[in-house]
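Colleague:
Protein chains: 2
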Amino acid sequence: MTLPGPIDPPARLLMGPGPISAYPSVLRAMSAPLVGQYDPFMTQAMAETQQLYREVWATGNDATLLIDGTSRAGIEAAIVSLVRPGDRVLVPVFGRFGHLLAEIAERALAEVHTIETAWGQVFTPSAIEEAIVRVKPTLLALVQGDTSTTMNQPLDEIGAICARHGVLFYSDATASLGGNPFEADAWGLDAATAGLQKCLGGPSGSAPITLSPRAVEVVRSRSRVEAGIREEGDAAASDFVRSNYFDLGMILDYWGPRRLNHHTEATSMLYAARECARVLLGEGRDAVIARHRLAGDAMLAGVEALGLTVFGDVAHKMANVVAVEIPEGVPGDVARAALLDDFGIEIGTSFGPLHGRVWRIGTMGYNARKDAVLTTLAALESVLRRFGAAVPVGGGVEAARDVFAGAPA
Amino acid sequence: MTLPGPIDPPARLLMGPGPISAYPSVLRAMSAPLVGQYDPFMTQAMAETQQLYREVWATGNDATLLIDGTSRAGIEAAIVSLVRPGDRVLVPVFGRFGHLLAEIAERALAEVHTIETAWGQVFTPSAIEEAIVRVKPTLLALVQGDTSTTMNQPLDEIGAICARHGVLFYSDATASLGGNPFEADAWGLDAATAGLQKCLGGPSGSAPITLSPRAVEVVRSRSRVEAGIREEGDAAASDFVRSNYFDLGMILDYWGPRRLNHHTEATSMLYAARECARVLLGEGRDAVIARHRLAGDAMLAGVEALGLTVFGDVAHKMANVVAVEIPEGVPGDVARAALLDDFGIEIGTSFGPLHGRVWRIGTMGYNARKDAVLTTLAALESVLRRFGAAVPVGGGVEAARDVFAGAPA
Chain A
7 MTLPGPIDPP ARLLMGPGPI SAYPSVLRAM SAPLVGQYDP FMTQAMAETQ
57 QLYREVWATG NDATLLIDGT SRAGIEAAIV SLVRPGDRVL VPVFGRFGHL
107 LAEIAERALA EVHTIETAWG QVFTPSAIEE AIVRVKPTLL ALVQGDTSTT
157 MNQPLDEIGA ICARHGVLFY SDATASLGGN PFEADAWGLD AATAGLQKCL
207 GGPSGSAPIT LSPRAVEVVR SRSRVEAGIR EEGDAAASDF VRSNYFDLGM
257 ILDYWGPRRL NHHTEATSML YAARECARVL LGEGRDAVIA RHRLAGDAML
307 AGVEALGLTV FGDVAHKMAN VVAVEIPEGV PGDVARAALL DDFGIEIGTS
357 FGPLHGRVWR IGTMGYNARK DAVLTTLAAL ESVLRRFGAA VPVGGGVEAA
407 RDVFAGAPA
Chain B
7 MTLPGPIDPP ARLLMGPGPI SAYPSVLRAM SAPLVGQYDP FMTQAMAETQ
57 QLYREVWATG NDATLLIDGT SRAGIEAAIV SLVRPGDRVL VPVFGRFGHL
107 LAEIAERALA EVHTIETAWG QVFTPSAIEE AIVRVKPTLL ALVQGDTSTT
157 MNQPLDEIGA ICARHGVLFY SDATASLGGN PFEADAWGLD AATAGLQKCL
207 GGPSGSAPIT LSPRAVEVVR SRSRVEAGIR EEGDAAASDF VRSNYFDLGM
257 ILDYWGPRRL NHHTEATSML YAARECARVL LGEGRDAVIA RHRLAGDAML
307 AGVEALGLTV FGDVAHKMAN VVAVEIPEGV PGDVARAALL DDFGIEIGTS
357 FGPLHGRVWR IGTMGYNARK DAVLTTLAAL ESVLRRFGAA VPVGGGVEAA
407 RDVFAGAPA
């Protein structure tokens, strides 16, 4: 074969629902040299990363670490380690990723119960409590921000409901963490997972996870040290987790003081995850959330001023992404391709019932910035006009700039 | 908390059993900017990576791709997708990683049968065939290079045996691929997996995998498109794979022409995997294997000339790693720490029965080089002497240099 050249990506401004353009310092971190997995520098970097993510999650959970895989790997690790076959799991579904949690729980042979609301809406706490009372699940699995619909499910009252009914509370915060408030301890989470490729501003491939002491107890009750490194006295529960890679008990032993070998930690992705959190905490967690709120408000004002109809319940939209209906007569995918070809700007469509019906425009991580928002709106205006939509001249950019101008310095 | 600084690893020459120092160009590749997951550049980079790994594996298998996780994720994806609960799996165990394959198959609820040989030995084809005849497995799962013992199990006759008995043949080549011959098609493999962090010279976190058409057929027979993106006519087998993340059917649909969203491909790790293969094929697959052979022979001559006893059946040693018994009276871990502290050189110990009994010294990927070998031997000589071992002055370096000098240019 003729060898391809070194990787040399085109210039792209990633304004879709994620992955988004990484922070430059995160990209630089990944080119740092490797060290051995038990090198004192490595174990220190792992411990630092754990501490950084405790701040990101707003938790005191000792069991705060990374799963070596994409955000979906984090979801599967949480579910397969917390759910025994036959356990009842309740999944409120308000978009594609609710279906995903249900699907992963089904594969773990849970008895899965779902409640659904229309795409573009969220659940009230009482709807969730009613379902808990009816289903009596072991685990509530609830997406925080479902990128497929852009909705942000309020979680702040759910932990207390779960505690009242003795239910473990797990949330997938992949799309929302870092760009919207998340308070693992204050909200009573037992488990939460995320990925780097959204508001954390890194590449896909590492999944931050945090587990409450109660969740760790469940995981520990199913412990099994693998043959080949097992020593006398090591546990071997018959009720073991049906996965080795995602057995959080073994992963905790690898990250914990025993440093018992499991996988070989993905060093470069650890460097990336560490830098994502370092950037976020360096700027300040609240400041980063406020920056996402500002950029999101500006983008919202911009698309509305372009005459686009925003999809879903705007009061419950995530700060970092907005969905707009594709105007009648505009060929959605062709227009997206033009935006990419002519301006190097990527926006997304959605899944299932929303595929081809909405565009999703993100303002996340590094790209939650004024120049990224205004550039995207200017390009979008041009493309919309080219495909025959009636758009006010300069309206989107002006409206967004006004939002930025009105923000406290 | 006080924020730690940017990641800044100490200088390390990683001469253990892996991870090893990555090729500089692989580190550089990871700092390339991200693109969207359906960007034409991204799908092209994925297709190029598939073609590159077909060459690395020596296969025409269309189903050649990456699993987003460490080498262990690749193993689990292969086993959980190919093995139905209750299926018989035969695992010949000649070190720690044989135990791992058995463990992963047990978790997949297979009926696992093992045969064992002493650590430091390999199996004859006839021993494997006898066990196949007795056990009648659906799948033979066999490690090629088990780093725990340094042994390289010959595979060239095993595929024909499996074909004769209608058994699927899977091998884990994590520790061996790129530094030792591997011929997926010529040897009749149905599935093979690896990682980047050994002879391929990259970081842990991406697992190359290849599947024969027969293996794909098994995987496809268990297909299930996930709810949320399922369309009319899509399959939903009741006999589904008990994992979503590792369901090779869905992963094939993501890498294949349908590009059906599964995980979000770990872009930076894809860049790394692509570059690992590009470096290998740019130098030439046979040339890289020969370089590993030469560096391995030199290291072997060097440690023998230092008076160290080599562990195991040297005739069946992998080219890229040697295990030596820790001399009587030398504190193994203290001496290893001195090598790291004083010289920045890492070597490894081993697992289970060999922990604290042997050191493992690797010559892999970028570090399968003369200067890396000679530097390691010089430092090892110094450390051995400091801890009271009787070592001939300069003997190790001289013996290794002679091997390099005698090599054809």
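First to last, the sequence lines map onto chains A and B. Residues in the first sequence are numbered from 7 upward in steps of one, following the numbering used here. Residues in the second sequence are numbered from 7 upward in steps of one, following the numbering used here. Note that beta-carbon positions come from the ideal geometry of N, C-alpha and C, so glycine has one too.
Since B/M157 and B/D319 are thought to touch, with beta carbons under 8 angstroms apart, how far apart are those beta carbons, to the nearest angstrom?
Modeller: 7 angstroms
Colleague: Name the DSSP bridge partner or partners of B/Y176?
Modeller: B/A147 and B/A197
Colleague: Looking at chain C, is there any beta carbon in it that lies within less than 8 angstroms of the beta carbon of A/A38?
Modeller: Here chain C cannot be found, since the structure's protein chains are A and B.
Colleague: Leaving out five residues before and five after B/Y260 in sequence, what residues of the same chain have Cβ atoms less than 8 angstroms from its Cβ?
Modeller: The beta carbon of B/Y260 is closer than 8 angstroms to those of L266, N267, H268, H269 and E271 in its chain, skipping five residues each way along the sequence.
Colleague: List, in order along the chain, the chain B residues whose C-beta lies closer than 7 angstroms to that of A/N373?
Modeller: Going along chain B, no residue has its Cβ under 7 angstroms from A/N373, so there is no contact; the nearest lies around 11 angstroms.
Colleague: For the alpha helix (DSSP H) that contains A/W63, what are its first and last residues?
Modeller: P46 to W63
Colleague: Whole angstroms are fine: how far does the CA of A/W365 sit from the CA of A/G354?
Modeller: C-alpha separation (whole angstroms): 5 angstroms.
Colleague: Mind checking the region 276 to 309 of chain A against chain B and listing, in chain order, the residues whose C-beta falls within less than 8 angstroms of any C-beta there?
Modeller: Result list: Y277, A278, R280, E281, R284, L287 and G288.
Colleague: Apply the 10 Å Cβ neighbour rule to A/V139 and answer buried if 16 or more other Cβ atoms are within range, or exposed otherwise.
Modeller: A/V139 should be labelled exposed.
Colleague: Which one or two residues does DSSP pair with B/I121 in a beta bridge?
Modeller: Its beta-bridge partners are B/P98.
Colleague: Output the boundary residues of the alpha helix (DSSP H) element that contains A/R291.
Modeller: Note, A/R291: alpha helix (DSSP H), R291 to A311.
Colleague: Please list the terminal residues of the continuous beta strand (DSSP E) segment that includes A/A329.
Modeller: V327 to E331
Colleague: For B/N67, does the three-state DSSP call read helix, strand or coil?
Modeller: coil
Colleague: So what does DSSP say about A/L204, is it helix, strand or coil?
Modeller: A small correction: the amino acid at residue 204 of chain A is Lys; Leu does not occupy that position in the sequence shown. Residue state, collapsed to three classes: coil.
Colleague: Look up A/I73 in the DSSP assignment and say whether it is helix, strand or coil.
Modeller: strand
Colleague: Identify the contact partners of B/Y251 in chain A, using a Cβ-Cβ distance below 7 angstroms as the criterion.
Modeller: G75, R78, A79 and E82
Colleague: Quick check on A/D152: does DSSP put it in helix, strand or coil?
Modeller: Strand, per DSSP.
Colleague: Name the chain A residues whose beta carbon is nearer than 7 angstroms to that of B/A344?
Modeller: Under the 7 angstroms cutoff, chain A gives no residues; its nearest Cβ is about 13 angstroms from B/A344.
Colleague: Start and end of the alpha helix (DSSP H) containing B/L33?
Modeller: P30 to M36
Colleague: In angstroms, rounded to a whole number, what distance separates the CA positions of B/L33 and B/R60?
Modeller: So the alpha carbons of these two residues sit roughly 23 angstroms apart.
Colleague: For the region 254 to 270 of chain A, which residues have a beta carbon sitting closer than 9 angstroms to at least one beta carbon of chain B?
Modeller: Against chain B - using a Cβ distance shorter than 9 angstroms - the residues of the region 254 to 270 of chain A are N267, H268, H269 and T270.
Colleague: Going along the chain, which residues of its own chain have a beta-carbon closer than 8 angstroms to the beta-carbon of A/V403, five neighbours each way excluded?
Modeller: Apart from the 5 residues on each side of it in sequence, A/V403 sits with its Cβ closer than 8 angstroms to the Cβ of G308, L380, L383, A384 and E387 in its chain, given in chain order.
Colleague: Note down, in chain order, every chain A residue with its Cβ under 7 angstroms from the Cβ of B/Q203.
Modeller: T270
Colleague: Any beta carbon from chain A within less than 8 angstroms of B/I13's own beta carbon?
Modeller: It does: the Cβ of B/I13 has a partner Cβ on chain A nearer than 8 angstroms.
Colleague: Leaving aside the five residues before and after A/E122 along the sequence, list all residues of the same chain whose C-beta is less than 7 angstroms from its C-beta, in chain order.
Modeller: V99
Colleague: Compare the C-beta of B/V41 with all C-beta atoms of chain A and state if any pair is closer than 8 angstroms.
Modeller: yes
Colleague: To the nearest angstrom, report how far apart A/M370 and A/G290 are at their CA atoms.
Modeller: 15 angstroms
Colleague: CB-CB under 8 angstroms to B/A38, same chain, minus the five flanking residues each way: which ones, in chain order?
Modeller: S274 and Y277
Colleague: Going by beta-carbon coordinates alone, are A/T55 and A/L40 separated by less than 8 angstroms?
Modeller: no
Colleague: For B/S227, count neighbouring C-beta atoms within 10 Å of its own C-beta (all shown protein chains included) and say buried if the count is 16 or more, exposed if not.
Modeller: exposed
Colleague: To the nearest angstrom, report how far apart B/Q203 and B/S218 are at their CA atoms.
Modeller: 24 angstroms
Colleague: Please tell me whether A/G368 and A/I85 are closer than 8 angstroms, where the distance is taken between their beta carbons.
Modeller: no
Colleague: Are any of the Cβ atoms in chain A nearer than 8 angstroms to that of B/G338?
Modeller: Closer than 8 angstroms: no.
Colleague: State the beta-bridge partners of A/R366 as determined by DSSP.
Modeller: A/A329 and A/G354
Colleague: Classify A/C80: buried if its beta carbon has 16 or more other beta carbons within 10 angstroms, exposed otherwise.
Modeller: It should be noted that the sequence gives Gly, not Cys, for residue 80 of chain A. Flag for A/G80 reads buried.
Colleague: Alpha carbon to alpha carbon, what distance is there between B/L258 and A/D347?
Modeller: Take the alpha-carbon of A/D347 and the one of B/L258: they are about 28 angstroms apart.
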